[in-house]
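Just so we're aligned: 262 in this note's numbering is position 262 of the sequence shown, and the numbers increase by one with no gaps anywhere.
Structure record follows, encoded as C-alpha cells.
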Amino acid sequence: MLEFRDIDISDKEHINNCLQLSDFMGCEYTFANNMAWKRLADSKIAFYKDFYIVCSQTVNNTPYFVFPSGKGDYTEVFGELRKYTDSMGVPLQITGVTEKYLPMFNEIFPEKFSVEYDRDSSDYIYLASDLSELKGKKYHSKRNHLSHFRTLDYNFSLIQEKDFDDCISFCTEDYNNKYHDHSSVAEQYAINTYFSYFNEMGLSGGIIRIDGKVVAVTVGERLNSDTFCVHIEKADKSFSGIYTAINNLFVSSAVKDFRYVNREEDLGIEGLRKAKLSYHPVFLLNKYVINFK
C-alpha cells in the first residue's frame, strides 16, 4: 500500500529526478511549488518505483492525485492508487492531465472513467521573447505602460540573499491588507517557504525599489527543459505600469535562455484571467480531471 507523508527539503533530489524524466510543462511539476503550497490542500507525497505522486485533499477531505511524474507502467501505478482509494471507500480522481495523455486512459481503462475539462487550472504559456520584447500591435498598450513607468526613478535588480527580508516584509504588508481566507494564508506560507529555501530550491527573482523601498517582487524557477515558471508576482499598484515593468524587466534579465514562460493558472478569478490573457499567451496548457467509476 502506498504511504503518503509530508514533503521535505531533503526530498528535492529524488523529486527532481522524477520530474526530469517526465519533462512536463504544467506548473504542478516543480519541487518548489509542491513544497511551498502544501498547506493549500494538505498535500502529501509518495514514491512508487520511479514515479512521484502528490496527493491533496478536497474541502470534504476526499483525496485527489496529480498525474504522476516519472517513468514506468502507468497501468501499475494507477492500480496502486485505486487500491489506496478503495481502502478509503472513495473513487480515484486524477488531476492535471493534459491532452497528450487522454488517449492513454482510453487505451488502458476503456469506459472506466469520465473526463472533465478544468479551465480554471489551464496554465498560460508565453514565448519568453514576446514578454521581453513586447513587439507588435498587440503589445502596444503594454509598451505604453512600460514607457510611463520608466519615467520614474526606480532601480531593478535580481534578488540576492540580502534582499530576502525586504521581500518578505513587502509581501507580508500585501497579505495584511487582504481578507485572510484559507487561500491567502496558504499563499503567505508559500512565499515564506520560497524565501526560506530560495537558494536550496534553485529559485531566481527580481525586485524593483523606488526611493530605496521595495515596490515589486517576482520569483520563479526552471520548470522543464525549455520553460521557466513564474511563481510570485507582487507589486504596489499605486505606481502605474508597475506590473508590466516587473514582468518585462525580470524576463529580459533572467529568462533569456528559455523558449517559454509558464505564468500558471487563473483559478477562475475574472480579473486574473483578463490580466493573463492581456499578455497574449502562445497557448493554454489545457488540463483535465479523470474520475474513475
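We put the CB at the ideal spot given by N, CA and C, even for glycine.
**Message:** Using the three-state DSSP reduction, which class does residue 165 fall into: helix, strand or coil?
**Reply:** helix
**Item:** Per-residue DSSP class, three states only, for residue 93
**Value:** strand
**Item:** Span separating the alpha-carbon of residue 130 from that of residue 78
**Value:** 39 Å
**Request:** Can you have a look at residue 117 and say buried or exposed, based on whether 16 or more other CB atoms are within 10 angstroms of its CB?
**Result:** exposed
**Request:** Could you name the residues of the same chain whose beta carbon sits closer than 7 Å to that of residue 122, not counting the 5 residues immediately before and after it, in chain order?
**Result:** 265, 284, 285, 286, 287
**Message:** What residue range does the beta strand (DSSP E) around residue 57 cover?
**Reply:** 51–57
**Prompt:** In its own chain, which residues sit with a C-beta less than 6 Å from the C-beta of residue 225, not counting the 5 before and 5 after it?
**Reply:** 23
**Message:** Once DSSP output is grouped into helix, strand and coil, what is the label at residue 191?
**Reply:** helix
**Prompt:** For residue 176, which residues of its own chain have a beta-carbon under 8 Å away from its beta-carbon, when the five flanking residues on both sides are left out?
**Reply:** none
**Request:** Could you tell me the boundaries of the alpha helix (DSSP H) in which residue 108 lies?
**Result:** 102–108
**Item:** Given 8 Å, three or more beta-carbon pairs between the segment 157–175 and the segment 54–65
**Value:** no
**Prompt:** Would the beta-carbon of residue 2 fall within 9 Å of that of residue 46?
**Reply:** yes
**Asked** With which residues is residue 234 paired in a DSSP beta bridge?
**Response** 217
**Request:** Using only alpha-carbon positions, find the residue among 249, 269, 13 that is nearest to residue 132.
**Result:** 249
**Message:** With distance defined between alpha-carbon atoms, name the residue in 89, 126, 53 nearest to residue 96.
**Reply:** 53
**Message:** Looking at the strands, I want to know which residues DSSP matches up with residue 118.
**Reply:** The partner list for residue 118 (beta bridge, DSSP) is empty, contrary to what the question assumes.
**Request:** Evaluate residue 271 with the Cβ neighbour count: other Cβ atoms within 10 Å of its Cβ, from every protein chain shown; 16 or more gives buried, anything less gives exposed.
**Result:** exposed
**Request:** Would you check if the distance between the CB atom of residue 169 and the CB atom of residue 214 is smaller than 9 Å?
**Result:** yes
**Request:** Could you pull out every unbroken alpha helix (DSSP H) segment of at least 4 residues lying fully inside the segment 3–76, listed in chain order?
**Result:** 12–22, 31–36
**Item:** Classification of residue 267 by the beta-carbon crowding that lies within 10 angstroms, buried from 16 upward
**Value:** exposed
**Prompt:** How many whole angstroms separate the CB atoms of residue 44 and residue 5, which I take to be in contact at a CB cut-off of 8 Å?
**Reply:** 6 Å
**Prompt:** Does the count of Cβ pairs from the segment 184–203 and the segment 28–38 closer than 8 Å reach three?
**Reply:** yes
**Asked** What three-state label does DSSP hand residue 79 in the structure shown?
**Response** helix
**Request:** Identify, in the order they occur along the chain, each residue of the same chain with its Cβ nearer than 6 Å to the Cβ of residue 21, setting aside the five sequence neighbours on each side.
**Result:** 70, 71
**Limits of the alpha helix (DSSP H) - the one that residue 142 falls within** = 140–149
**Prompt:** Quick one: any contact between the segment 226–239 and the segment 85–94, if contact means 3 or more CB pairs under 8 Å?
**Reply:** no
**Request:** Starting from the C-beta of residue 254, find all residues in its chain whose C-beta is less than 7 Å away, skip the five residues before and the five after it, and write them out in chain order.
**Result:** 158, 204, 206
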